[in-house]
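Peer 1: Residue numbers (this note's numbering): 84 to 357. Every residue gets a Cβ at the ideal spot worked out from N, C-alpha and C, and that includes glycine. Can you read through this structure? Questions will come right after.
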Amino acid sequence: MPYAWLALGSQARQEQTVKTDQDNAIIMSDEATDDDRKYFEELARFVSDGLALSGYPYCPGNVMATNEKWLQPLRVWKRYFDGWMTEPEPKALMYADIFFDLRFSYGEEFLVDELKGWVSELARQNRIFLAMMARNAMTFTPPLGFFRQFVLERGGEHKETLNLKLNGVIPIVELARIHSLASGELRVNTRRRLRGAARRGRLNRNDAKSLEDALELIDSTRLNHQARQLRAGEQPDNYVHPKSLSPLARDHLKAAFGVVRTSQQALMNSFGLA
Numbered sequence: 084m085p086y087a088w089l090a091l092g093s094q095a096r097q098e099q100t101v102k103t104d105q106d107n108a109i110i111m112s113d114e115a116t117d118d119d120r121k122y123f124e125e126l127a128r129f130v131s132d133g134l135a136l137s138g139y140p141y142c143p144g145n146v147m148a149t150n151e152k153w154l155q156p157l158r159v160w161k162r163y164f165d166g167w168m169t170e171p172e173p174k175a176l177m178y179a180d181i182f183f184d185l186r187f188s189y190g191e192e193f194l195v196d197e198l199k200g201w202v203s204e205l206a207r208q209n210r211i212f213l214a215m216m217a218r219n220a221m222t223f224t225p226p227l228g229f230f231r232q233f234v235l236e237r238g239g240e241h242k243e244t245l246n247l248k249l250n251g252v253i254p255i256v257e258l259a260r261i262h263s264l265a266s267g268e269l270r271v272n273t274r275r276r277l278r279g280a281a282r283r284g285r286l287n288r289n290d291a292k293s294l295e296d297a298l299e300l301i302d303s304t305r306l307n308h309q310a311r312q313l314r315a316g317e318q319p320d321n322y323v324h325p326k327s328l329s330p331l332a333r334d335h336l337k338a339a340f341g342v343v344r345t346s347q348q349a350l351m352n353s354f355g356l357a
């Protein structure tokens with residue numbers, strides 16, 4: 084029975100760091116029977132348990148093939164995407180953020196190719212959906228104040244730190260995803276999305292390169308932070324204290340956040356949302 088195992092999220096984008104979990108799903112052929120579904124349910128448990136034992140924790144949001152919602156025939160996956168794009172309410176936009184980042188891992192790739200081709204054309208034509216995605220992306224803003232000072236976490240165990248994932252990496256991932264969809268592509272890797280959008284004229288080439296450089300800087304800062312934590316026997320996280328960085332590194336980080344903020348404003352302007 085034809086099927087395809089999907090990687091989702093940062094795994095699909097090939098942008099995982101040492102702090103990550105598993106996100107996956109299965110597309111079955113439309114001819115799948117109840118017996119086929121039982122087989123794939125067992126396969127999903129086997130793979131997910133194996134990943135957990137290998138150091139990839141279960142997804143806290145249960146976005147895994149072990150969840151029957153994410154183990155479906157192709158026709159249901161098409162219905163999911165159609166629903167998310169037709170009625171882009173908050174939960175639909177959350178799912179769109181997850182499932183527009185999908186990559187074939189194993190099985191029959193034609194199932195993924197058919198889904199991606201169908202989805203990319205539908206998304207490109209739906210300007211309202213793209214505008215809603217753009218507005219939703221503004222939930223994730225770079226931590227930079229009006230006078231270019233860092234805006235730090237206000238409370239909790241990570242008080243006075245920068246969340247480099249939520250307020251650094253994710254805003255660039257969101258920008259790249261929307262520009263890629265608007266240009267009629269369904270690339271997955273963030274850097275390739277930016278380059279593809281520039282080639283198609285959706286993004287200015289210099290702006291795309293600046294975003295790529297900003298992602299490289301923020302990601303390398305995050306990875307260096309996590310490596311230091313591992314060497315110290317600590318659990319890696321995404322929270323960096325500015326005082327742990329050199330003055331030059333802080334200035335570079337501020338410049339990177341400034342690039343992201345400018346790009347977000349330009350995206351909003353392109354949809355008439357500013």
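If residue 247 and residue 304 are in contact, beta carbons under 8 Å, what's the gap, nearest whole angstrom?
Peer 2: Their Cβ separation, rounded to whole angstroms, is 6 Å, which keeps residue 247 and residue 304 in contact under 8 Å.
Peer 1: Taking a contact to mean a Cβ-Cβ separation below 8 Å, would you say residue 95 touches residue 186 in this structure?
Peer 2: Yes, these two residues count as a Cβ contact at 8 Å.
Peer 1: Rounded to whole angstroms, how far is the Cβ of residue 91 from the Cβ of residue 146, which I believe are closer than 8 Å?
Peer 2: With a Cβ gap of about 6 Å, residue 91 and residue 146 count as contacting.
Peer 1: Which complete alpha helix (DSSP H) runs does the segment 154-203 hold, if anything under 4 residues is left out?
Peer 2: Entirely contained in the segment 154-203, the alpha helix (DSSP H) runs reaching 4 residues are, in chain order, 157-169, 173-182.
Peer 1: Taking the Cβ atom as the reference point for each residue, do residue 277 and residue 286 lie within a distance shorter than 8 Å?
Peer 2: Cβ atoms of residue 277 and residue 286: closer than 8 Å.
Peer 1: Does the segment 189-199 touch the segment 297-312, meaning 3 or more C-beta pairs lie closer than 8 Å?
Peer 2: Touching, no, given that fewer than three Cβ pairs across the two stretches are closer than 8 Å.
Peer 1: Can you name the residues that DSSP bridges to residue 301?
Peer 2: Answer is none; residue 301 lacks a bridge partner.
Peer 1: Under DSSP, the alpha helix (DSSP H) around residue 351 begins and ends at which residues?
Peer 2: Taken as a continuous stretch (DSSP letters only), the alpha helix (DSSP H) holding residue 351 covers 330-353.
Peer 1: Helix or strand or just coil, what does DSSP make of residue 145?
Peer 2: The answer is coil: DSSP assigns residue 145 none of H, G, I, E or B.
Peer 1: Suppose you measure from the CA of residue 359 to the CA of residue 155; what does that come to, to the nearest Å?
Peer 2: This structure cannot settle anything about residue 359, because the visible part of the chain is limited to 84 through 357.
Peer 1: Answer with buried or exposed for residue 352, where buried requires no fewer than 16 other C-beta atoms within 10 angstroms of its C-beta.
Peer 2: Exposed, since its Cβ has fewer than 16 Cβ neighbours within 10 Å.
Peer 1: So, do the segment 225-243 and the segment 331-346 have three or more beta carbon pairs nearer to each other than 8 Å?
Peer 2: Counting Cβ pairs under 8 Å, three or more are found: they touch.
Peer 1: Span of the alpha helix (DSSP H) holding residue 219?
Peer 2: Segment 210-220, the alpha helix (DSSP H) holding residue 219.
Peer 1: Pull up the DSSP beta-bridge partners for residue 107, would you.
Peer 2: Answer by DSSP bridge pairing, in chain order: 90.
Peer 1: Taking the continuous alpha helix (DSSP H) assigned at residue 121, which residues delimit it?
Peer 2: Residues 117-136.
Peer 1: Count the other CB atoms within 10 Å of the CB of residue 226; is the residue buried (16 or more) or exposed (fewer)?
Peer 2: The residue in question, residue 226, is buried, as its Cβ has 16 or more Cβ neighbours within 10 Å.
Peer 1: I'd like the list of long-range same chain contacts for residue 357, defined as Cβ closer than 6 Å, with 5 residues on each side in sequence excluded.
Peer 2: Hits under 6 Å: 351.
Peer 1: Can you say whether residue 170 is buried or exposed, counting buried as having 16 or more other CB atoms within 10 angstroms of its CB?
Peer 2: Exposed is the call here.
Peer 1: Round the Cβ separation of residue 203 and residue 267 to the nearest angstrom and send it over; I've been treating them as touching at under 8 Å.
Peer 2: With a Cβ gap of about 6 Å, residue 203 and residue 267 count as contacting.
Peer 1: Taking the alpha helix (DSSP H) that residue 257 falls in, what are its first and last residues?
Peer 2: Residue 257 -> alpha helix (DSSP H) spans 253-265.
Peer 1: Please report the straight-line C-alpha distance between residue 327 and residue 205, rounded to a whole angstrom.
Peer 2: Taking the straight line joining both Cα atoms gives about 46 Å.
Peer 1: Based on the DSSP secondary-structure assignment, which residues constitute the bridge partners of residue 322?
Peer 2: In DSSP, residue 322 forms a bridge with 246.
Peer 1: Apart from the five residues on each side of it in sequence, which residues of its chain come closer than 6 Å, Cβ to Cβ, to residue 274?
Peer 2: The residues are 295.
Peer 1: From what residue to what residue does the alpha helix (DSSP H) around residue 281 run?
Peer 2: 273-282 is the extent of the alpha helix (DSSP H) around residue 281.
Peer 1: Assign residue 430 to one of two classes, buried (16 or more other C-beta atoms within 10 Å of its C-beta) or exposed (fewer than that).
Peer 2: Given that the chain is displayed from residue 84 to residue 357, the structure contains no residue 430 and the question cannot be resolved.
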